[in-house]
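If you're matching positions, the sequence shown starts at 9 in my numbering and goes up one per residue. Every residue gets a Cβ at the ideal spot worked out from N, C-alpha and C, and that includes glycine.
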Amino acid sequence: MILFWLPGFIMPQQITATEDLTMPLYDLVARILDLSPYIMETTAFLLFMLSTFLFNSILTANQLIGRNSTMGALVFMMSMCSFNATVLSPFIMACPIILLVLHIMFMINQTEKPENYLLNVGVLLSLASFIYTPSAYLLLWAVLSLLFTGFDSLRYLLLPVTGFVMPYLLYAAFLYINGNLMSYYFAYSSYFSDFSLGLPKLTAMEWCVFLTSVILVLLSMLKINVFSADKPVLARKRIEIGIIMLLIALFLFFKKNSTVNDSVFFAAAPIYYSMALSNVNKKKIITVLMFILLAGLMIKQYIALIGIA
9 MILFWLPGFI
19 MPQQITATED
29 LTMPLYDLVA
39 RILDLSPYIM
49 ETTAFLLFML
59 STFLFNSILT
69 ANQLIGRNST
79 MGALVFMMSM
89 CSFNATVLSP
99 FIMACPIILL
109 VLHIMFMINQ
119 TEKPENYLLN
129 VGVLLSLASF
139 IYTPSAYLLL
149 WAVLSLLFTG
159 FDSLRYLLLP
169 VTGFVMPYLL
179 YAAFLYINGN
189 LMSYYFAYSS
199 YFSDFSLGLP
209 KLTAMEWCVF
219 LTSVILVLLS
229 MLKINVFSAD
239 KPVLARKRIE
249 IGIIMLLIAL
259 FLFFKKNSTV
269 NDSVFFAAAP
279 IYYSMALSNV
289 NKKKIITVLM
299 FILLAGLMIK
309 QYIALIGIA
């Protein structure tokens with residue numbers, strides 16, 4: 009992981025506050041850490057490392073990969089490095105919170121009284137949206153996941169919505185006291201009222217990476233036979249939750265004028281990469297595949313250091 013991040017420490021990028029009224033927590037942290045690009049780079053590295061190991065722990069705890077497997081961490085790291093993850097972006101900062109929500113959604117079917125967990129899902133997504141605005145759309149993912157996994161009671165569906173709204177009500181009260189409520193209201197209404205789609209501004213190489221990732225997700229789903237009736241009920245429900253998250257991530261990827269929307273997709277796709285690679289019987293295949301992926305990403309990470317555009 010350190011080798012992946014080394015170019016970022018050699019050539020750190022100075023990230024300033026975005027002045028985006030819909031990401032107040034990110035702007036606050038960016039202003040605090042604006043003293044040095046190395047402080048930002050170190051913070052981004054620590055958050056990325058936390059997200060990587062948290063992702064692997066979630067997959068093992070929910071029995072989607074082997075208990076002692078590190079496949080989730082390796083695949084997550086490589087998937088997230090497909091784009092420029094070595095900066096303190098809003099998504100990198102919000103990623104641990106989003107992964108905690110994913111874990112709660114995976115575990116929700118094992119609890120007898122899920123009310124508190126569902127409320128926590130809404131609160132965590134609300135906090136994540138203060139850092140990375142597109143996280144708010146993951147509330148739709150949470151509600152749809154509940155519908156598809158059997159929690160179709162209106163009471164259950166309203167709990168994450170209630171949890172999501174609560175921090176915003178407190179924030180609105182704070183803004184009202186300070187006389188800034190209307191400017192923030194127009195910023196939020198402008199963002200969430202625009203559902204138009206468009207092609208993100210990516211380079212040809214980035215488009216190749218994205219399309220390859222989509223193909224790999226589809227191949228991984230075929231490999232693990234996601235719609236097989238032979239799978240345990242809990243495993244099928246967790247797979248469905250992941251599929252819904254991927255669909256929401258694709259919507260965010262093509263949402264016009266949104267921020268770093270590729271990140272959600274590249275955080276959700278490793279669920280299926282990890283499961284597919286964990287089901288491969290021949291270890292030599294895994295070793296060769298991992299070596300090719302590692303070599304390719306190493307070249308990508310270091311290519312800027314040798315002056316190649």
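Status (buried if at least 16 other CB within 10 Å, exposed otherwise) for residue i
i, result
"residue 126", "buried"
"residue 60", "buried"
"residue 216", "exposed"
"residue 271", "buried"
"residue 96", "buried"
"residue 84", "buried"
"residue 185", "exposed"
"residue 123", "exposed"
Beta-carbon separation (whole angstroms), residue i vs residue j, contact threshold 8 Å
i, j, result
"residue 281", "residue 189", "With 8 Å as the limit, residue 281 and residue 189 do not qualify as a contact, their Cβ atoms being about 44 Å apart."
"residue 99", "residue 140", "5 Å"
"residue 132", "residue 105", "5 Å"
"residue 382", "residue 63", "Residue coverage of the chain in this structure runs from 9 to 317, which leaves residue 382 outside it and unanswerable."
"residue 134", "residue 193", "Going by Cβ atoms, the distance from residue 134 to residue 193 rounds to 16 Å, so no, they are not a contact pair."
Nonlocal neighbours in the same chain, by C-beta distance under 7 Å from residue i, ignoring five residues either side
i, result
"residue 32", "138"
"residue 119", "125"
"residue 47", "41"
Same chain only: Cβ atoms within 6 Å of residue i, ignoring 5 sequence neighbours per side
i, result
"residue 88", "274"
"residue 208", "none"
"residue 228", "280, 281, 284"
"residue 150", "129, 168"
"residue 144", "137"
For residue i, the three-state DSSP class (helix, strand or coil)
i, result
"residue 231", "helix"
"residue 6", "No answer is possible for residue 6: the residues shown for the chain start at 9 and end at 317."
"residue 290", "Reliability fails at residue 290, whose pLDDT of 46 lies under 50, so the model's placement of it is uncertain and the value that follows must be treated cautiously. DSSP places residue 290 in coil when its eight states are reduced to three."
"residue 205", "strand"
"residue 245", "helix"
(message) Contact between the segment 146 to 155 and the segment 100 to 114 is defined here as three or more beta-carbon pairs at a separation below 8 Å; is this criterion met?
(response) yes
(message) For the segment 61 to 69 against the segment 242 to 253, do three or more pairs of beta-carbon atoms, one drawn from each stretch, fall closer than 8 Å, so that the two count as touching?
(response) no
(message) Check whether the segment 250 to 263 and the segment 34 to 44 are in contact - that is, three or more C-beta pairs closer than 8 Å.
(response) no
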